[in-house]
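Written below as structure tokens is the structure these notes are about.
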Amino acid sequence: MSRHISAAICASRSTMTCALRLPSGELHAGAAAAQRGSNLNAELATLFEAHGFTPNDLGSIRLDLGPGSYTGLRVAVTFARFALRFAGATVSCATSFELIGARLRAHSHQGSVRVALDARRGRVHVGALRCEEDAVRLVEDPRAVLVEEFGATLRDGERVVGDRSLDWLPELCTQRGLELSETPEYTATDLFDEALELRTQTAEELEPLYLMGSYAGES
0 MSRHISAAIC ASRSTMTCAL RLPSGELHAG AAAAQRGSNL NAELATLFEA
50 HGFTPNDLGS IRLDLGPGSY TGLRVAVTFA RFALRFAGAT VSCATSFELI
100 GARLRAHSHQ GSVRVALDAR RGRVHVGALR CEEDAVRLVE DPRAVLVEEF
150 GATLRDGERV VGDRSLDWLP ELCTQRGLEL SETPEYTATD LFDEALELRT
200 QTAEELEPLY LMGSYAGES
């Protein structure tokens, strides 16, 4: 049996995760790996071998494009470009915001969500999505704004999901009367959530969401 395996790679957070979906539909998650010094090729090869397949059986990749970790996204996108160009795999992508939405939906949340992720350097990755019964949809594409500009992005009735490191966010949400939740943990297996509207990309189109241009020196 060949070329029936779908791999997923999630690299926007502090750890990188990968997963496989077998021809039977079974999902299998690999071990989470620290981003610095991690070997994605080896992690995936181990996962393939554990279930009786080889990387030659790879037919498609689901990829988290960020925003998030510079190092992780660079490694994951480089791997996907290589697989697309030289192994003939197809690559479908989602943003890290949509993965957050998938986790919220899994816990029965529906409605409008404002996401705030720490972009460092006095900035926040911000965007909006809507969680519905059968879909997670971006309402506003992710972008980077200054911390002092974040309040202007908020809308009445939204649920705010933010990183714990944004210590100013709870007070702001209280002032605006908005519900605040901590950013949920998401992994590569969430890329197989059927509610996501994944977008197929070519090697030329495939780029990580580096919203601030460069995160050189950051994890």
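FYI, in numbering that gives the first Met the number 0 the residues of the sequence shown are 0 to 218. For every residue, glycine included, the Cβ atom is placed at its ideal position computed from N, Cα and C.
Residue i versus residue j - alpha carbon distance
| i | j | result |
| --- | --- | --- |
| Pro141 | Gly51 | 39 Å |
| Ser5 | Leu21 | 7 Å |
| Val160 | Leu190 | 19 Å |
| Glu48 | Glu25 | 15 Å |
| Ala88 | Pro169 | 43 Å |
| Glu203 | Ala86 | 16 Å |
| Thr53 | Val123 | 40 Å |
| Ile8 | Ile60 | 8 Å |
| Phe81 | Tyr185 | 25 Å |
| Glu97 | Leu128 | 7 Å |
| Pro207 | Asp162 | 20 Å |
| Leu42 | Gly176 | Before going further, note that residue 42 is Glu rather than Leu in the sequence given. Distance between the alpha carbons of Glu42 and Gly176 is about 44 Å. |
| Thr70 | Ala79 | 14 Å |
| Gly121 | Glu148 | 10 Å |
| Thr201 | Ser23 | 27 Å |
| Arg35 | Pro183 | Its pLDDT being 49, under 50, Arg35 is placed unreliably in this model, and the coordinates cannot settle the point. |
| Ala44 | Leu72 | 19 Å |
Pair within 9 Å by beta-carbon distance, residue i and residue j
| i | j | result |
| --- | --- | --- |
| Gly65 | His3 | no |
| Val146 | Trp167 | yes |
| Leu210 | Ala118 | yes |
| Thr188 | Thr14 | no |
| Gly100 | Ala194 | yes |
| His106 | Arg158 | no |
| Arg12 | Ser68 | yes |
| Thr152 | Arg198 | no |
| Thr94 | Gly126 | yes |
| Glu139 | Arg104 | no |
| Gly150 | Leu171 | yes |
| Asp192 | Val135 | yes |
| Val74 | Ala10 | yes |
Option nearest residue i by Cα separation, candidates the options
| i | options | result |
| --- | --- | --- |
| Leu205 | Leu21, Arg84 and Leu177 | Arg84 |
| Leu62 | Glu48, Glu178 and Leu39 | Leu39 |
| Leu19 | Leu46, Asp162 and Ser164 | Leu46 |
| Leu137 | Arg73, Ala30, Glu196 and Val76 | Glu196 |
| Asp133 | Gly110, Phe149 and Ala127 | Gly110 |
| Thr173 | Glu42, Val135, Gly156 and Arg120 | Gly156 |
| Asp102 | Glu181, Gln200 and Ala75 | According to the sequence provided, residue 102 is Arg. The question's Asp does not apply to it. Minimum Cα distance to Arg102 is reached at Glu181. |
| Leu179 | Arg154, Gln200 and Ala44 | Arg154 |
Exercise for review: Please go through the segment 109-192 and give each complete beta strand (DSSP E) segment of 3 or more residues, from N-terminal end onward.
Suggested key: 110-119, 122-130, 135-145, 158-161 and 178-181
Practice item. Could I get the ranges of all uninterrupted beta strand (DSSP E) runs contained in the segment 71-107, with 3 residues as the minimum, in chain order? Key: 89-93
Review point. Mind pulling the alpha helix (DSSP H) runs of 4 or more residues that sit fully within the segment 35-72?
Key: 39-49
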